[in-house]
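Everything in the sequence shown is counted per the numbering used here, starting at 519 for the first residue and increasing by one. To start, the structure itself, in structure tokens.
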Amino acid sequence: MKEQIKEWFMKHPNYLKNWRRKHPNDWYQWRKRHLEHRREYEKRYYYCRKRNKK
Numbered sequence: 519m520k521e522q523i524k525e526w527f528m529k530h531p532n533y534l535k536n537w538r539r540k541h542p543n544d545w546y547q548w549r550k551r552h553l554e555h556r557r558e559y560e561k562r563y564y565y566c567r568k569r570n571k572k
């Protein structure tokens, strides 16, 4: 399944760019969610590293 999706995106390289342009709110929401998730991950990750380093 994933392979098919990848192939499809290879054939339509501008799809995502156009999607961002056509649906800026969706793009914004997605980006926000993505960044929040990443920040959470980094916080946890670095916090754990600090504690375990000693």
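Yeah, the Cβ is synthetic: ideal placement off N, Cα and C, and Gly gets one too. These numbers come from a predicted model, not from an experiment.
Between lysine 529 and lysine 568, the alpha-carbon positions lie close to 45 Å from each other. One Cα belongs to tryptophan 545, the other to glutamate 521, and the distance between them is close to 24 Å. Assignment of proline 542 by DSSP, reduced to helix, strand and coil, places it in the helix class.
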